[in-house]
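Going by the numbering used here, the sequence shown wraps up at 456, each residue one higher than the last.
Beta carbons are placed, not taken as given, at the ideal position from N, Cα and C, and that holds for glycine.
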Amino acid sequence: MLEVRNIDVFYGDVQVLWDVSFEVKEGEVLALIGANGAGKSTTLKTISGLLRPKRGEVLFEGSPIHTEDPFRLIEKGIAHVPEARRLFTEMTVEENLDMGSLKGEARKLREKNKDMVFDIFPRLGDRRRQRAGTLSGGEQQMVAIGRGLMAMPKLIMFDEPSLGLAPILVKEIFNVIKRIREEGNTVLLVEQNCKQTLGIADRAYVLETGKITLEGTCASLLNNEHVKKAYLGV
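Okay, here's the thing in structure tokens:
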């Protein structure tokens, strides 16, 4: 479904990604793991069109997208749930969800999809008229995920969805990601919580200082000595 081919990405004159390549297959949860500063968020921003690769290309369903504007990628079926949520804090929960459904079929099915989000996150239904900025961190993450789902994506990308959350909420967020996959979505998951991530993903790539250093099934990576020492604390 998604192919990232040999991309080099810079912030100004500083190179952040070197020759990064990976693929996400339809219907799977693909994880991209690594330490803080490894280039994971930069990779998602490049896929989303927020950054342009200096070399290489990104393809979605066989077509190049690395020169497309971000709003065009939403129309093509890619949703990005960013790190730190990036909500419209003065708007209500419901208004934030509506912002995820401004295009095409998603706009027509807005109310149906909103009911789906409230089914996944009942607390949001109770707080639908509450300003997003007054919610707890966990509830704000639920809104961010719900906003992404409102776009009816074929591929949904999560950037550090468990960051800053209490353990009980982390477990809930990972269960939601499993449910999203079970309902037919393809997921690209970026996370520092490697143990939880490798527990729900099908395959994973390890990104270290801007380069892919390992790849494989999650079962194989969980047994890899480098992954154990560097990321699992074993």
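Residue closest to residue i, alpha-carbon to alpha-carbon, out of the options
i    : options                : result
G278 : F310, Y233, N228, V238 : N228
I269 : G256, G249, F244, G259 : F244
I378 : W240, K417, G249, R351 : G249
L224 : Q237, E283, W240       : E283
A357 : N397, K336, L371, R307 : Residue identity differs from the one stated: residue 357 is Leu in this sequence, not Ala. When only C-alpha atoms are compared, the closest one is R307.
G271 : V231, Q237, D235       : V231
R345 : P383, L391, I300       : L391
L252 : E430, L444, E437       : E437
L324 : H302, T408, I296, V236 : I296
V303 : E382, F340, V246       : E382
P220 : V226, D241, K330       : Absent from the model: residue 220. The displayed extent of the chain is 223 to 456, so no value can be given.
E317 : K298, V365, H288, K330 : V365
D241 : N335, L385, G432, G347 : G432
D235 : T265, K276, V246, G259 : K276
E404 : D424, T289, V428       : D424
F340 : L319, G259, E413       : L319
K450 : A388, K417, T435       : K417
M338 : V398, R294, Y233       : V398
S263 : Y233, E290, L309, C440 : Y233
P292 : H448, I367, K267, Q414 : K267
V342 : E447, V280, E394, N258 : It is Ile, not Val, that sits at residue 342 in the sequence shown. Per the Cα distances, E394.
G406 : T289, P375, E290, K330 : P375
T388 : L281, N415, A452       : In the sequence as presented, Thr is not what sits at residue 388; that position holds Ala. For the residues L281, N415, A452, the minimum Cα distance to A388 belongs to N415.
E305 : R332, K400, E413, L371 : E413
L309 : L454, I367, T435, A452 : I367
T265 : I402, K298, E333, L411 : L411
Cβ-Cβ separation, residue j to residue i (assumed contact under 8 angstroms), whole Å
i    : j    : result
A373 : M313 : With a Cβ gap of about 17 angstroms, A373 and M313 do not count as contacting.
G322 : R369 : 4 angstroms
I300 : A426 : Not confirmed; about 20 angstroms, so no contact.
I422 : F396 : 6 angstroms
G326 : G359 : Rounded, the Cβ-Cβ distance is 31 angstroms, inconsistent with contact.
V238 : T408 : In fact, because the Cβ distance is near 25 angstroms, the residues do not count as touching under 8 angstroms.
A260 : L429 : 5 angstroms
E361 : R350 : About 12 angstroms; that fails the 8 angstroms criterion.
V315 : Q352 : 6 angstroms
Residues sharing a beta bridge with residue i, DSSP
i    : result
E405 : According to DSSP, E405 bridges with nothing at all.
E226 : Correcting the residue identity first, residue 226 is Val in this sequence and not Glu. Partner(s): F244, V280.
I434 : L429
E413 : I255
S270 : Answer is none; S270 lacks a bridge partner.
P286 : L281
T314 : R353
L309 : DSSP, once it has assigned bridges, lists no residue as partnering L309.
V238 : Partner(s): none; V238 has no beta bridge.
F293 : Answer by DSSP bridge pairing: none, since F293 is not bridged.
Extent of the continuous alpha helix (DSSP H) to which residue i belongs
i    : result
G256 : Element bounds for G256: n/a, residue is neither H nor E.
A441 : 440–444
H448 : 447–453
R329 : 326–330
Contact with chain C by residue i, beta-carbon distance below 7 angstroms
i    : result
I367 : This model lacks chain C altogether; it includes just one protein chain.
The beta strand (DSSP E) enclosing residue i, as first and last residue numbers
i    : result
I300 : 300–303
So within the segment 333–398, which uninterrupted alpha helix (DSSP H) runs reach at least 4 residues, ignoring any that extend past its ends?
Within the segment 333–398, the complete alpha helix (DSSP H) segments of 4 residues or longer fall at 344–348, 359–372, listed in chain order.
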